[in-house]
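Taking the working numbering, I'd label the letters of the sequence shown as residues 43 to 106. The beta carbon of each residue, even a glycine, is placed where N, CA and C say it ideally should be. Please read these numbers as outputs of a predicted model, since none were measured by experiment. Written below as structure tokens is the structure these notes are about.
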Amino acid sequence: MIGKSRTNMHRKRLFDAQAAGASEQQLQNIAAKGLQEIYFKDRGRRADGLQVEFTDIDYVEMDF
């Protein structure tokens with residue numbers, strides 16, 4: 043349940059920022075941070091120093 047809670051937290055942050063008029067770059071940064079924490083860092087269990095960023099994006103599709 044903790045994992046789902048964190049996923050929901052990142053999703054909420056992304057949608058709230060979009061609703062508030064965040065720029066495309068800001069939305070990309072929020073999405074990258076969510077992927078970094080949930081997928082690559084595995085909720086704090088690995089890759090502690092890893093930093094994720096989106097660069098030169100052509101197309102991204104996410105399913106919530």
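Helix, strand or coil: how does DSSP classify residue i here?
i	result
residue 66	helix
residue 92	coil
residue 79	helix
residue 58	helix
residue 87	coil
residue 44	Bear in mind that a pLDDT of 42 at residue 44, under 50, signals an unreliable position, so the number given afterwards is only what the model happens to contain. Helix at residue 44.
residue 72	helix
Check the Cβ-Cβ distances between residue i and every residue of chain C, and say whether any is below 8 angstroms.
i	result
residue 83	The structure shown contains no chain C; it holds only a single protein chain.
If we count the other Cβ atoms within 10 Å of its Cβ and call it buried at 16 or more, is residue i buried or exposed?
i	result
residue 72	buried
residue 91	exposed
residue 63	exposed
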